[in-house]
Amino acid sequence: MELAKRTTTDQPTVWLLMQGEDHEGGSVLGAFSHREAARGAFITAARQLPFGIEDAQENEDGGLYLHGGCDWLSLTPHVLQQAEAIEP
10 MELAKRTTTD QPTVWLLMQG EDHEGGSVLG AFSHREAARG AFITAARQLP
60 FGIEDAQENE DGGLYLHGGC DWLSLTPHVL QQAEAIEP
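Each residue of the sequence shown is one higher than the one before, counting from 10 in this note's numbering.
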């Protein structure tokens, strides 16, 4: 998968690399300033999936999802909040 795609938002974005098991939750492996910065960590984590890769998807926002057995790996963009959100 080519990792050159970028989001088209004007807001500051962080890319979260996460890994977990189906129905068990997951953990954040890293936070990156842009998608390309996560390239090495994403490839390393993908190679360590115990059951290999059975499914790979790329969303329109550039997010990547891998699935193998009951394990998953994702690299997704998240907009950073620059002010406290106040609920009415």
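Where a beta carbon is used, it is the ideal one built from N, C-alpha and C, also for glycine. Here the structure is a predicted model, which means the values were calculated and not measured.
Residue burial classification, residue i (beta-carbon count within 10 angstroms, cutoff 16)
i, result
"Ala54", "buried"
"Phe60", "exposed"
"Asp98", "As displayed, the chain neither begins before 10 nor continues past 97, which places residue 98 out of reach and without an answer."
"Ala65", "exposed"
"Gly78", "exposed"
"Ala13", "Residue placement at Ala13 is flagged as unreliable, the pLDDT there being 46, under the threshold of 50; the coordinate-derived value follows with that caveat. So Ala13 ends up on the exposed side."
Host alpha helix (DSSP H) of residue i (start-end)
i, result
"Gly49", "Arg48 to Arg56"
As assigned by DSSP and simplified to three states, the class of residue i
i, result
"Glu30", "strand"
"Glu45", "helix"
"Gln66", "strand"
"Ala92", "coil"
"Pro86", "strand"
"Gly61", "coil"
Nearest residue (CA-CA) to residue i, options the options
i, options, result
"His87", "Ser36, Phe41 and Glu30", "Phe41"
"Ser83", "His32, Leu25 and Asp19", "Leu25"
"Asp80", "Ile62, Ala94 and Gln91", "Ile62"
"Arg3", "Asp19, Thr85 and Gly29", "Only positions 10 to 97 of the chain appear in the structure, and residue 3 is not among them; the question remains open."
"Ala50", "Leu58, Ile95 and Gly39", "Gly39"
Run of the beta strand (DSSP E) containing residue i, from where it starts to where it stops
i, result
"Pro21", "It is not in any beta strand (DSSP E) - Pro21 carries neither H nor E in the DSSP assignment."
"Gly77", "Leu73 to Gly77"
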